[in-house]
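Residue numbers (this note's numbering): 84 to 339.
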């Protein structure tokens, strides 16, 4: 019986929804495009103004999509594993958080060695790993209205936090930084955890529709299948797309 229990739980870990992967895949495309433009501006001094509109809007929309999907995906995952009890729920999300945090530490190490002035101390992977753990108690708050209210409060607090100067370095996790802080990637809990919570609310709302039996578990169009595949492999793409882009651009710059 225990073997069956473990086997069933393991099978739920493989459950995926192509619709979610497709949306994530579109965000992956946006991420690669923005970082390509960022690299072109940095390496070739092209006046692309990646830190200003409209390109900064692309960067923010990609980030919001990724982070919204964290809460959305966790809501769907919870619906498939909650019957195994709180202990298994905690283990599932903590295990995932540890895996992501190891990649986050790798990002910190690499950026420290290559870009010491912009070392990524608490980037999007650090944020995701911590959010996966912080979300666990919210999964048992069954009132979407309450979760949405807490998300709103978190967002409002996040608007005020950047105006507070940090007296301790660990406060940068919350969004409080010193005047000398600089990082290539920075996603503090305030206000970004609010986006995760809104994603949780949306995931709960649309979970029943996604859980319904479907005549096809694959995307109906070829284009959907492509972006869905990108979304399914978003983590390795995130980790490798910049080294690949930099290699290509360095080769181009060398021969120009």
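Here a beta-carbon is modelled for each residue, glycine too, at the ideal position from N, C-alpha and C. These numbers were taken from a predicted model, which means no experiment stands behind them.
By how many angstroms is the C-alpha of residue j removed from the C-alpha of residue i?
i: residue 208; j: residue 336; result: 30 angstroms
i: residue 101; j: residue 154; result: 17 angstroms
i: residue 201; j: residue 194; result: 7 angstroms
i: residue 274; j: residue 339; result: 43 angstroms
i: residue 306; j: residue 270; result: 31 angstroms
i: residue 290; j: residue 104; result: 15 angstroms
i: residue 152; j: residue 127; result: 34 angstroms
i: residue 268; j: residue 173; result: 28 angstroms
i: residue 169; j: residue 216; result: 13 angstroms
i: residue 229; j: residue 315; result: 31 angstroms
i: residue 214; j: residue 253; result: 16 angstroms
i: residue 262; j: residue 248; result: 7 angstroms
i: residue 221; j: residue 211; result: 15 angstroms
i: residue 157; j: residue 319; result: 20 angstroms
i: residue 165; j: residue 219; result: 11 angstroms
If you measure between the beta carbons of residue i and residue j, is that distance less than 8 angstroms?
i: residue 149; j: residue 187; result: no
i: residue 313; j: residue 119; result: no
i: residue 113; j: residue 311; result: no
i: residue 237; j: residue 276; result: yes
i: residue 272; j: residue 257; result: yes
i: residue 167; j: residue 142; result: no
i: residue 332; j: residue 122; result: yes
i: residue 190; j: residue 203; result: yes
Can you tell me where the alpha helix (DSSP H) holding residue i begins and where it ends?
i: residue 136; result: Taken as a continuous stretch (DSSP letters only), residue 136 belongs to no alpha helix (DSSP H), as it is neither H nor E.
i: residue 237; result: 227 to 243
i: residue 324; result: 317 to 338
i: residue 195; result: 169 to 197
In the DSSP assignment, what residue or residues form a beta bridge with residue i?
i: residue 248; result: 260
Practice task
Evaluate contact between the stretch 148 to 165 and the stretch 275 to 292, counting only Cβ atoms and requiring at least three cross-stretch pairs below 8 angstroms.
Solution key: yes
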